[in-house]
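Q:
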Amino acid sequence: MTNHDDGLPNDPEGMRLMIHALIDGELDAAAALAVERRIAADPALAAEHARIIALQGALGRLPRPNVSDALRARIAALGATGTARPAQDEAEPQRDSPSAQPGLIAASVGGGRRRDARTGSSRTFGPFDWRALAASIMISAVLASGATQWVMVNYASDGLAAAVASGHRRSLLAASPIDIVSSDRHTVKPWLDARIGVSPPSPDLAQDGYALIGGRVEVISGRPVPALVYRHREHLITLVAEPQQGGGIAKPADLSSGGFSLVHWRDGAFSYWAISDMERPELDDFVARFRKAAV
Amino acid sequence: MLSEKALAERFGEVVLPHLGDALALARWLTGNATDAEDVVQEACVKAHAGISGYAGGNARAWLLTIVRNTAYTWMSRNRPRGMLAVGDLGDLDEMAAAHGTSPPDEDGPEASLIARADTAALEAAIAALPQPFRETLVLRDINGLSYREIAAMLDVPMGTVMSRLARARGLLVSELGRAP
């Protein structure tokens, strides 16, 4: 093999990578010049160079997937505000939120953030309703549904856990993620109590950085079960509290997988499932604070 | 702390212009256009929630990183385990390196043959690439990211990006060159 003193690799593989780097515009002027000289002097390298160029040309002519108007509209709606609304909204029925309980929307959650209480389908939400809060709720639902599916797999032998998980997942996907929006535990607790006759401890941990933002009812194994929703910065935490009858006490167990954090524990009165897209240490911190405050 | 309106504007600037790239990446990672839409929508929800964490730089690379992670999460959730044949990356990289020790394709196909390859054959060849090679090729040749951006996204050294890319292109070239 001829030895060059141009600073380029002398092994064929290294030289091959340099040709790719040249074509990809990754080389500075001096290195590019050196590689071009080598190519000019070596027909094998020149042929390789021509093949890569031809391949890139063919790849560049591949049809790109078409971003459908419907998809673009849905995603534009995520970021839309009252001042910057996507044009597609003109054609969509305006679903203004008639918020069934406007008085219950707390200041920390309000401020123009309205949500559509009854439409049922997230895809028909107008931009007014479907804003930061709703988006973060949606992500919580998406993440939690993945996490619960994982739980189902791993707890296939445990009928109750599977029922908790499947019910949770169904409700997250199908129903509105928050039935009552309030940061006031004195609103959430009576609401849950009135609806289903059960109300788990619902301490407001806002001072610890975990604000209670609402609650909802899920149906698991044919029974209504309360769920609380907390927010920590951009993350939501869904806390399902399944009432126990004569159940034991179990310390928090980590069931996290695939990017979701999931912690399960029992305190004798309730069996809790805390699900979030936060990192485990943060969720552990929430669980610890919740358990302390709930005693 | 940015106002909500500023965040919404940033979402419009950072995410919306790159939906085509996001969809293309998701299409090649999931294997079909329908799943790609689901993945992109889910990724955009995450991007929206995390928009305040976007610290400047290449917006497309930022969005595509979210799309990639979402695609794998999505597939782990929606596909049977057997379909996620990710393989041992270390082995693949060794394979990529070993491949290069052979003389560089002295008898490789004519470039004109590659240039004439029809769309279906090329798409089939890309789909048949092992996943680490496929994603590297797509990020570079379809999404147009730099080596450095790809290395950061995949959390691998630049040299690994280069050898995976060369290996992916080599496989495509020999596959297309085989066609009559």
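Taken in order, these protein sequences are the chains called X and C. Here the first sequence stands for residues 1 to 295, where the numbers follow this note's numbering. Here the second sequence stands for residues 1 to 180, where the numbers follow this note's numbering. Glycine included, each C-beta is placed from N, C-alpha and C at the ideal position.
Can you tell me the Cα-Cα spacing of residue 36(X) and residue 170(C), whole angstroms?
A: In the first sequence, residue 36(X) corresponds to position 36, counting from 1. In the second sequence, residue 170(C) corresponds to position 170, counting from 1. Approximately 20 Å between the Cα atoms of the pair.
Q: Just list the residues that DSSP pairs residue 210(X) with in beta bridges.
A: Counting from 1 along the first sequence, the entry for residue 210(X) is found at position 210. Its beta-bridge partners are 205(X).
Q: The alpha helix (DSSP H) spanning residue 262(X) covers which residue range?
A: By 1-based counting over the first sequence, the position of residue 262(X) is 262. Residue 262(X) -> not in any alpha helix (DSSP H); beta strand (DSSP E) instead, spanning 261–267.
Q: Quick check on this structure: which residue in 59(X), 268(X), 278(X) and 45(X) has the alpha carbon closest to the alpha carbon of residue 241(X)?
A: In the first sequence, the residue the question calls residue 241(X) occupies position 241. For residue 241(X), the nearest C-alpha among the options comes from 268(X).
Q: Within the same chain, show all residues whose beta-carbon is closer than 7 Å to that of residue 16(X), passing over the 5 residues directly before and after it, in chain order.
A: To locate residue 16(X), count along the first sequence from 1; it is residue 16. Correct list, in chain order: 48.
Q: Going by DSSP, name the residue or residues bridged to residue 254(X).
A: What you label residue 254(X) is simply residue 254 of the first sequence in a count that begins at 1. Answer is 263(X), bridged to residue 254(X).
Q: Among the candidates 278(X), 10(X), 262(X) and 227(X), whose CA atom is the shortest distance from the CA of residue 203(X)?
A: Taking the first residue of the first sequence as 1, we reach residue 203(X) at position 203. Per the Cα distances, 227(X).
Q: May I have the straight-line CA-CA distance separating residue 164(C) from residue 155(C), to the nearest angstrom?
A: The residue you call residue 164(C) lines up with position 164 of the second sequence. The residue you call residue 155(C) lines up with position 155 of the second sequence. One C-alpha to the other measures close to 13 Å.
Q: How should residue 24(C) be labelled, buried or exposed, when 16 other C-beta atoms within 10 angstroms of its C-beta is the threshold for buried?
A: Start at 1 with the first residue of the second sequence, and residue 24(C) comes out as number 24. Buried is the call here.
Q: DSSP has residue 231(X) in a bridge; who is on the other side?
A: Within the first sequence, numbered from 1, the residue matching residue 231(X) stands at position 231. Paired residues: 211(X) and 236(X).
Q: Checking the sheet assignment: what are the DSSP bridge partners for residue 270(X)?
A: On the first sequence, position 270 is the one that residue 270(X) refers to. Its beta-bridge partners are 243(X).
Q: So, are the CB atoms of residue 150(C) and residue 140(C) less than 8 Å apart?
A: Numbered from 1 along the second sequence, position 150 holds the residue referred to as residue 150(C). Numbered from 1 along the second sequence, position 140 holds the residue referred to as residue 140(C). Taking 8 Å as the Cβ cut-off, residue 150(C) and residue 140(C) qualify as a contacting pair.
Q: Using a Cβ-Cβ distance cut-off of 8 Å, determine whether residue 136(C) contacts chain X.
A: The residue labelled residue 136(C) in the question sits at position 136 within the second sequence. No, residue 136(C) does not count as interfacial toward chain X.
Q: When DSSP labels each residue in this structure, what does residue 59(X) get in the three-state scheme?
A: Taking the first residue of the first sequence as position 1, residue 59(X) is located at position 59. In this structure, residue 59(X) counts as helix in the three-state DSSP scheme.
Q: May I ask you to list, following chain order, the residues of the region 191–218 of chain X that have a beta carbon less than 8 Å from some beta carbon of chain C?
A: From the region 191–218 of chain X, no residue has a Cβ closer than 8 Å to chain C.
Q: Roughly how far, in whole angstroms, is the beta-carbon of residue 45(C) from the beta-carbon of residue 22(C), given that I think they are within contact range, below 8 Å?
A: To locate residue 45(C), count along the second sequence from 1; it is residue 45. To locate residue 22(C), count along the second sequence from 1; it is residue 22. That pair is no contact at about 12 Å.
Q: What does DSSP give as the partner residues of residue 276(X) in its beta bridges?
A: For this step, residue 276(X) is matched to residue 276 along the first sequence. DSSP, once it has assigned bridges, lists 237(X) and 261(X) as partnering residue 276(X).
Q: Only counting the same chain, and skipping five residues up and downstream in sequence, which positions put a Cβ closer than 6 Å to that of residue 276(X)?
A: To locate residue 276(X), count along the first sequence from 1; it is residue 276. So the list reads 235, 237, 261 and 283, once near-sequence residues are dropped.
Q: Quick one, which residues of the region 40–58 of chain X are near chain C if we go by CB-CB under 8 Å, in chain order?
A: Hits within the stretch, in order: 44, 45, 47, 48, 50, 51, 52, 53, 54, 55, 56, 57 and 58.
Q: Could you name the residues of the same chain whose beta carbon sits closer than 6 Å to that of residue 199(X), not counting the 5 residues immediately before and after it, in chain order?
A: Indexing the first sequence from 1 puts residue 199(X) at position 199. Only 189, 192 and 193 meet the Cβ criterion.
Q: Using a C-beta cutoff of 8 Å, does residue 123(C) count as contacting chain X?
A: Numbered from its first residue, the second sequence carries residue 123(C) at position 123. Yes, because at least one Cβ of chain X sits closer than 8 Å to the Cβ of residue 123(C).
Q: For residue 243(X), tell me which candidate among 196(X), 57(X) and 211(X) has the shortest Cα-Cα distance.
A: To locate residue 243(X), count along the first sequence from 1; it is residue 243. Checking every option, the nearest Cα to that of residue 243(X) belongs to 196(X).
Q: Can you give me the C-alpha to C-alpha distance between residue 148(C) and residue 27(C), rounded to a whole angstrom?
A: The count along the second sequence starts at 1 and reaches residue 148(C) at position 148. The count along the second sequence starts at 1 and reaches residue 27(C) at position 27. Straight-line Cα distance between these residues: approximately 23 Å.
Q: Would you mind working out which of 136(C), 69(C) and 60(C) sits nearest residue 183(C), comparing C-alpha positions?
A: The requested residue 183(C) is not part of the displayed model; chain C covers only 1 to 180.
Q: Does the CB of residue 19(C) have a neighbour CB from chain X at under 8 Å?
A: Residue 19(C) sits at position 19 when you count from the first residue of the second sequence. Judged by the 8 Å Cβ criterion, residue 19(C) is in contact with chain X.
Q: If the cut is a Cβ gap below 7 Å, which residues of chain C does residue 67(X) touch?
A: In the first sequence, counting from the first residue as 1, residue 67(X) sits at position 67. Those within 7 Å of residue 67(X) in chain C are 19, 20 and 23.
Q: Determine the contact status of residue 16(C) and residue 75(X), defining contact as a CB-CB distance below 8 Å.
A: Working through the second sequence from its first residue, we reach residue 16(C) at position 16. Working through the first sequence from its first residue, we reach residue 75(X) at position 75. Result yes, Cβ atoms of residue 16(C) and residue 75(X) sit closer than 8 Å.
Q: For the putative contact between residue 136(C) and residue 168(C), defined by C-beta atoms under 8 Å, what is the C-beta separation to the nearest angstrom?
A: The sequence position of residue 136(C) within the second sequence is 136, counting from 1. The sequence position of residue 168(C) within the second sequence is 168, counting from 1. Yes, they are in contact, since the Cβ atoms of residue 136(C) and residue 168(C) sit about 6 Å apart, within 8 Å.
Q: With distances taken from CA atoms, which of 70(C), 31(C), 51(C) and 38(C) is nearest residue 3(C)?
A: Your numbering for residue 3(C) matches position 3 in the second sequence. Minimum Cα distance to residue 3(C) is reached at 51(C).
Q: How would you label residue 215(X), buried or exposed, when you count the other beta carbons within 10 angstroms and need 16 or more for buried?
A: One-based indexing of the first sequence puts residue 215(X) at position 215. Buried is the call here.
Q: Taking a cut of 9 Å between CB atoms, which residues from the region 26–49 of chain C lie near chain X?
A: Those residues of the region 26–49 of chain C that come within reach of chain X (Cβ to Cβ, closer than 9 Å) are 26, 27, 33, 36, 37, 40, 41, 42, 44, 45, 46, 47, 48 and 49.
Q: May I ask which residues mark the beginning and end of the alpha helix (DSSP H) holding residue 12(X)?
A: Residue numbering aside, residue 12(X) sits at position 12 when the first sequence is read from its first letter. Segment 12–23, the alpha helix (DSSP H) holding residue 12(X).
Q: If you draw a straight line from the C-alpha of residue 11(X) to the C-alpha of residue 41(X), how long is it?
A: Numbered from 1 along the first sequence, position 11 holds the residue referred to as residue 11(X). Numbered from 1 along the first sequence, position 41 holds the residue referred to as residue 41(X). In a straight line, the C-alpha of residue 11(X) is about 16 Å away from that of residue 41(X).
Q: Could you check how far apart the C-beta atoms of residue 20(C) and residue 64(X) are, in whole angstroms? I think they sit under 8 Å.
A: Numbered from its first residue, the second sequence carries residue 20(C) at position 20. Numbered from its first residue, the first sequence carries residue 64(X) at position 64. Right, their Cβ atoms sit about 6 Å apart.
Q: Is the beta carbon of residue 39(X) closer than 8 Å to that of residue 45(X)?
A: Translated into the one-based positions of the first sequence, residue 45(X) becomes position 45. Translated into the one-based positions of the first sequence, residue 39(X) becomes position 39. Cβ atoms of residue 45(X) and residue 39(X): closer than 8 Å.
Q: Is there a Cβ from chain X that is less than 8 Å from the Cβ of residue 141(C)?
A: Along the second sequence, one-based indexing puts residue 141(C) at 141. Yes - at least one Cβ of chain X is within 8 Å of the one on residue 141(C).
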